[in-house]
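Below is one structure, written out as structure tokens; comments come after it.
Chains as they are written, first to last, in our numbering: chain A, 182 to 1158; chain B, -4 to 398.
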């Protein structure tokens, strides 16, 4: 049977309907009993759990393929439905077909010419990749216009569709009370000014014989259609009644069977794959048990899958239907049962049809049937097929470790010995492989499994490890534990950009968290307040090579979003470099060596000078210069506002802060990465962060409440400005109430007042900030952080020391709460500052209860906003990715999708990479500088050649390629980089 | 798209406008540089004195080497990268629908809602607006500029005078303000005529007073008429409810620029004094209708870029926005990003089913007898095959001896 051979490689997938015969053919068994298991717990033959449908209980054997649970995919069965039922998914199409085809000869109600035209349109749409439905809908609309079949001449009736699965034919027939209606109309209506009509006049007008008219009036003769129409016209009345005739699925099936193949092509239906009558089911396929496994509860009771429950219902009704029909039950009962069967089959396919009560579980929970299994985020498509669960993955809490390189990740031993790498044993690594196996599954660099050359997989246990180790030889495979230097993939959700998934080198460590260097927090957007991250061990050499070359952290230093570095010094690193370079302090030799101890520099550089005692000293900038590559020339403005000059790798002046080495486009990091390559940049970032940590430890850095407290005198000044502003607001309100306020263009007076008050009050905070700032020393830690760009800004300081300021909800002063006032503490319609959420206190002085309440209102809005935003932007991102995911730059420079449609002839109009060219540069290439260098003939021979050719980067070797080989003692001291 | 590597001196001699020798042109044109870089090389060579051909060649080659270094790698999945680059900062955008753009007087949708609106290609934006530039004297003289304003801004009756209802006589009485009428260049006669045309009533016009009433005395009709009267646009464009005039600095002095609330781009372009070459509108569909698909593409780029800039995310590379705009306009009409646009018109059934409305796509595929050839990304993830993107798209293999 076809389903037994599972294809290894899928070339393409054909979609179509299946005909009943095909269902029967692929069925392993017909299902006739609604029962599942017998009293002994064995599946009943021809029941829903028939062993021919596959097995789920371990130990049993499938009666169709002979395989055991796990390897048997299961086999379909079938139910012979007692009467045809409609497939809910196709109700709209069925309606369309009923309306568009002849009720007698089933041909499409279009003339040959019309048909050809629509076929042509369809072809065109298909070629242009447009929606075919537009054409098919137009064709049906055209067909519906016909009231007679162009082929057999039969009169066509309207089709009514009662959702979800009932169809009626609506006929206009002569009403039974025609004689009364005619007589009534002939009486005339004096009020409306309609005259009486005599039978003679009627006869004359309708050209019907008088005797006939009399017969009609007496009700003994039923007028023919033409006569009816004539009378209707003459008397301006309606003699018809709607007669609805229910179409049973069997009728529809017969109708559809006669539709010729050529006709349905116009409707976009592929007759070869999908005949319309197959939309009405006569046989219902029964999914294999493997698709609806039953679970055994703790108490030994079996709990069946939702689908099984639904199938039980279907079989029960089906049985009853058949019994009743055989017993010759009245039509009414048969129809009821038919409807019930339709309901069960409908809900089996889709349990969320509007207008139909969903089938429920005993507990009242709606059943999850076929459609529900496919749909939505957790459905088959998005939940199981587009996103799969994987082996060799780990997840745990992360914590910082500044001693690691940014390329590394600290992996807990527990994780390292659970996840393995396959090692192919050759003559050259036999001893190494044996050592892993000898260590067993418990010892750290050990092994969990081995595979013999004959393909047999053996578990390494504490007991057999010694013995196995001796057997291991070339040709074996060893699944060894992760060791230092292995490459793994590391990820933090939400994975919003490619830097959310990067490759790291393993450093096995004690304890139970993943350890990261803090500089990789920005790309992952990670912090250590309990964040968890995922790790994936790679399982083949190709993947490992790709990860190492393309995904390693150092390869991701530059962000493609803005073309600058996304990895760089953060927070305390910035404060550290700021303290080290801002006032350019001096250090003695011991201090210098301490500062540089975690870098490659072993010897202090040339001293910057000697002090009074003749002792040599080194300045902060000199020390920082040690980290810079030779030949680096750079000039930029720092965050703190001074100009940083770097000449030939020597830091001459300026403060190194977030603009220099920070994470989002720090100039020095950015330039080093672009000019000296990723490896040099990695070394630089690692060293800057360690130097900065040493520096900040040297100076000491802490913040306390005293750092945000200002003298009483300043406090008084702030109070004064606040009082001032209150007066101004009072004046504004007075002017408003006196009607003297002039409105701004395009604003009402109320809006103008609000805007002016807001302006006045926001000025208060500014002034308070300025006053507070005057009283902060430059070495105040909060000021250092704000000025260097390490964390926080002057606003935070202002709010802590000066005044918290106006609280806002929806961009306005707080205006909600009670009728005409925010709180019952205020008079109605009080427009003053304090009644609308102005907080005049600072965080240090403490908020009054009312201020605190307003502050909480503002804060809450922020929280709600964030929650709404994440879901909205998540969906935006999903749509963008889905729409753009197939675009790829080609060798010829064009951007095409996977069906080779050209979207851009040159990416971004000039083909330059957004990673390598900063967003604000029109042109990364400095033609002028190149010209200078060429003209000055700086280079001769080799140098010149290198300069002229496109640079090629070194391959990506492991950071510790040499020091971490197992057979080396690895005890000698190596620097971090 | 700018011409890049192909067109050598399309239209006239290459190195147009630069005083360089033909030999220099020859060596520079020989490189794979894009036009702008070639021009820059010419400019640099021109500004230096006595650059030899050899040196020019070296300069050109050095620049070329740098340029090739900064090109996108072949097989780079630029689409995904662009999508991520726009989507990732989405979390940092504000949700505040209303905020003030460059003009404080006009509220414009900003932040995430605006970005979503653009990507959705909504038929009308939440807050349509236009920026209307003026030409010649209209741009420099306030009076002239105001003339254009009155032609654009919809003038309602309340702006022209006072309306009162005389219940006793069942009349609506309008007393027009002479000054306003003069300023807005409309006569009482015209006002009366417009009222007659649009309400179908007889009016009595006497100087600045216009009076009319319902045909048959009915209190309801009277009020109805007043309601309808308020809706009439006497002058200007109905869609434009407000125009703000601003004086802006330009290179050579100052000019008046109009900002409108509401948009009717096609109508505005034909008004005298409007500089059609600079005026824009924030409705991409209006731009598409009036200026074509390339202009629409440009507007999508501009609008997304402005939206991000307004939120302090100016550091998103335009190239990403270009790609989004390009895919939205690729078929010659504006397609939205999502179920009703690009994602819904994919070739692959599985890709569509995996995005949204799963079941319907599968059922329709069955009816139409569709075949999924598994070329795209999502489909191959589903069936578990390598994706034809990036390293998965490389056919070249190393070291297969074939044995």
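All C-beta atoms, glycine included, are put in the ideal place defined by N, C-alpha and C.
Does the separation of the CB atoms of residue 258 of chain A and residue 211 of chain A fall below 8 Å? Along the first chain, one-based indexing puts residue 258 of chain A at 77. Along the first chain, one-based indexing puts residue 211 of chain A at 30. Taking 8 Å as the cut-off, the beta carbon of residue 258 of chain A is found closer than this to the beta carbon of residue 211 of chain A.
Beta-carbon separation of residue 194 of chain A and residue 460 of chain A under 8 Å? Position 13 of the first chain, counted from the first residue, corresponds to residue 194 of chain A. Position 279 of the first chain, counted from the first residue, corresponds to residue 460 of chain A. Judged by beta-carbon spacing, residue 460 of chain A lies beyond the 8 Å limit of residue 194 of chain A, meaning their Cβ atoms are not closer than that value.
Per DSSP, residue 1006 of chain A forms a beta bridge with which residues? Here residue 1006 of chain A corresponds to residue number 825 of the first chain, with the count starting at 1. Its beta-bridge partners do not exist; DSSP assigns none.
Measuring CB to CB, does residue 744 of chain A end up less than 8 Å from residue 472 of chain A? Translated into the one-based positions of the first chain, residue 744 of chain A becomes position 563. Translated into the one-based positions of the first chain, residue 472 of chain A becomes position 291. Contact: no.
By Cβ distance below 6 Å, which residues in the same chain neighbour residue 816 of chain A in space, the five residues on each side in sequence not counted? Along the first chain, read from residue 1 onward, the residue named residue 816 of chain A stands at position 635. So the qualifying residues of the chain are 826.
Residue 516 of chain A and residue 371 of chain B closer than 8 Å at C-beta: Along the first chain, read from residue 1 onward, the residue named residue 516 of chain A stands at position 335. Along the second chain, read from residue 1 onward, the residue named residue 371 of chain B stands at position 376. Not in contact: residue 516 of chain A and residue 371 of chain B (Cβ atoms no closer than 8 Å).
Mind listing the chain B neighbours of residue 451 of chain A? Cutoff is C-beta to C-beta under 7 Å, in chain order. Start at 1 with the first residue of the first chain, and residue 451 of chain A comes out as number 270. Here the neighbours are 363 and 364.
Can you give me, in chain order, the residues of the region 1043 to 1070 of chain A that have a beta carbon less than 7 Å from any beta carbon in chain B? For the region 1043 to 1070 of chain A, residues whose beta-carbon sits nearer than 7 Å to a beta-carbon of chain B comprise 1046, 1049, 1050, 1051, 1053, 1054, 1057, 1058, 1060, 1061, 1062, 1063, 1064, 1065, 1066, 1067, 1068, 1069 and 1070.
Would DSSP call residue 244 of chain A helix, strand or coil? The residue labelled residue 244 of chain A in the question sits at position 63 within the first chain. Note: residue 244 of chain A maps to coil in three-state DSSP.
Measuring only between beta-carbons, confirm whether residue 1093 of chain A sits less than 8 Å from chain B. Looking up residue 1093 of chain A in the first chain gives position 912. Yes, residue 1093 of chain A counts as interfacial toward chain B.
Secondary structure, alpha helix (DSSP H): runs of 4+ residues fully inside the region 394 to 455 of chain A: 406 to 416, 430 to 438 and 442 to 446, all fully within the region 394 to 455 of chain A.
Please classify residue 597 of chain A as buried or exposed, where buried requires at least 16 other C-beta atoms within 10 Å of its C-beta. Looking up residue 597 of chain A in the first chain gives position 416. Under this definition residue 597 of chain A is a buried residue.
Do residue 232 of chain B and residue 263 of chain B come within 8 Å of each other at the CB atom, strictly closer than that value? What you label residue 263 of chain B is simply residue 268 of the second chain in a count that begins at 1. What you label residue 232 of chain B is simply residue 237 of the second chain in a count that begins at 1. Yes. Within cutoff.
Is there a Cβ of chain A sitting closer than 8 Å to that of residue 317 of chain B, yes or no? Here residue 317 of chain B refers to the residue found at position 322 of the second chain. Taking a beta-carbon distance threshold of 8 Å, residue 317 of chain B counts as an interface residue toward chain A.
Of all the residues that make up the region 111 to 132 of chain B, which are near chain A by a beta-carbon distance shorter than 7 Å? Under the 7 Å Cβ criterion, the region 111 to 132 of chain B contributes 111 and 114.
Which residues, taken in chain order from the region 630 to 653 of chain A, show a beta carbon closer than 8 Å to some beta carbon of chain D? In the structure shown, chain D does not exist; the protein chains are A and B.
Since I believe residue 594 of chain A is in contact with residue 217 of chain A (beta carbons under 8 Å), could you give me their beta-carbon distance rounded to a whole number of angstroms? Position 36 of the first chain holds residue 217 of chain A. Position 413 of the first chain holds residue 594 of chain A. 48 Å between Cβ atoms; not a contact.
Ignore the nearest five residues each way along the sequence and tell me which others in residue 514 of chain A's own chain have a CB closer than 8 Å to its CB. Here residue 514 of chain A corresponds to residue number 333 of the first chain, with the count starting at 1. Excluding five sequence positions before and after residue 514 of chain A, the CB atoms of its chain that fall closer than 8 Å to its own CB belong to 505, given in chain order.
Would you kindly work out how many angstroms separate the C-alpha atoms of residue 844 of chain A and residue 970 of chain A, rounded to a whole number? Counting from 1 along the first chain, the entry for residue 844 of chain A is found at position 663. Counting from 1 along the first chain, the entry for residue 970 of chain A is found at position 789. Roughly 11 Å between the two C-alpha positions.
Tell me whether residue 46 of chain B sits in a helix, a strand or coil according to DSSP, three-state version. Here the question's residue 46 of chain B lines up with position 51 in the second chain. Of the three classes helix, strand and coil, the one that applies to residue 46 of chain B here is coil, per DSSP.
Consult DSSP for residue 204 of chain B and reduce its assignment to one of helix, strand or coil. Looking up residue 204 of chain B in the second chain gives position 209. Assignment of residue 204 of chain B by DSSP, reduced to helix, strand and coil, places it in the strand class.
Would you decide whether residue 235 of chain A is buried or exposed? Buried here means 16 or more other CB atoms lie within 10 Å of its CB. Here residue 235 of chain A corresponds to residue number 54 of the first chain, with the count starting at 1. Buried: at least 16 other Cβ atoms inside 10 Å.
According to DSSP, is residue 459 of chain A part of a helix, a strand, or is it coil? Start at 1 with the first residue of the first chain, and residue 459 of chain A comes out as number 278. The answer is helix: DSSP assigns residue 459 of chain A an H, G or I state.
Would you tell me roughly how many angstroms separate the C-alpha atoms of residue 159 of chain B and residue 177 of chain B, rounded to the nearest one? Taking the second chain and counting its residues from 1, one reaches residue 159 of chain B at position 164. Taking the second chain and counting its residues from 1, one reaches residue 177 of chain B at position 182. Residue 159 of chain B and residue 177 of chain B have their C-alpha atoms some 22 Å from each other.
Residues of chain A with CB closer than 9 Å to the CB of residue 338 of chain B, please, in chain order. Working through the second chain from its first residue, we reach residue 338 of chain B at position 343. Correct list: 1060, 1063 and 1064.
When burial is assigned at 16 or more other CB atoms within 10 Å of the CB, is residue 1131 of chain A buried or exposed? Taking the first residue of the first chain as position 1, residue 1131 of chain A is located at position 950. With a pLDDT of only 45 at residue 1131 of chain A, under the threshold of 50, the placement of this residue in the model should not be trusted; the figure read from the coordinates follows. So residue 1131 of chain A ends up on the exposed side.
Output needed in chain order: residues of the region 299 to 313 of chain B with a Cβ under 8 Å from some Cβ in chain A. Hits within the stretch, in order: 309, 310, 311, 312 and 313.
Backbone CA spacing between residue 390 of chain B and residue 1073 of chain A [nearest angstrom]: For the purposes of this step, residue 390 of chain B is taken as the residue at position 395 of the second chain. For the purposes of this step, residue 1073 of chain A is taken as the residue at position 892 of the first chain. Using only the alpha carbons, I get a separation of about 16 Å.
Cβ-based neighbour list, residue 698 of chain A, same chain, cut-off 6 Å, excluding 5 preceding and 5 following: For the purposes of this step, residue 698 of chain A is taken as residue 517 along the first chain, with counting starting at 1. Contacts found: 585 and 587.
Taking 6 Å as the limit between beta carbons, can you name the residues of its chain near residue 549 of chain A, skipping five residues before and five after? Translated into positions along the first chain, residue 549 of chain A becomes position 368. Excluding the 5 residues flanking it on each side, residue 549 of chain A has same chain C-beta neighbours closer than 6 Å at 487, in chain order.
In or out: residue 849 of chain A buried (at least 16 other Cβ within 10 Å) or exposed? Sequence index remark: in the first chain, residue 849 of chain A carries index 668 (1-based). Label assigned to residue 849 of chain A: buried.
Go ahead and pull the three-state DSSP assignment for residue 920 of chain A. Taking the first residue of the first chain as 1, we reach residue 920 of chain A at position 739. Here residue 920 of chain A carries a coil assignment [DSSP, helix/strand/coil].
As assigned by DSSP and simplified to three states, the class of residue 644 of chain A: Here residue 644 of chain A refers to the residue found at position 463 of the first chain. Shown here, residue 644 of chain A sits in coil according to DSSP, grouped into three states, outside any helix or strand.
Tell whether a beta-carbon distance below 8 Å holds between residue 346 of chain B and residue 374 of chain B. Position 351 of the second chain holds residue 346 of chain B. Position 379 of the second chain holds residue 374 of chain B. Yes, Cβ-Cβ distance for residue 346 of chain B and residue 374 of chain B is below 8 Å.
Going by CA-CA distance only, name the one from A:742, A:1046, A:679 and A:724 that's closest to residue 734 of chain A. Sequence index remark: in the first chain, residue 734 of chain A carries index 553 (1-based). Nearest to residue 734 of chain A by C-alpha distance, out of A:742, A:1046, A:679 and A:724, is A:679.
Could you tell me the distance, in whole angstroms, from the CA atom of residue 780 of chain A to the CA atom of residue 875 of chain A? Counting from one through the first chain, the residue named residue 780 of chain A turns up at place 599. Counting from one through the first chain, the residue named residue 875 of chain A turns up at place 694. Near 11 Å, if we compare the C-alpha coordinates of residue 875 of chain A and residue 780 of chain A.
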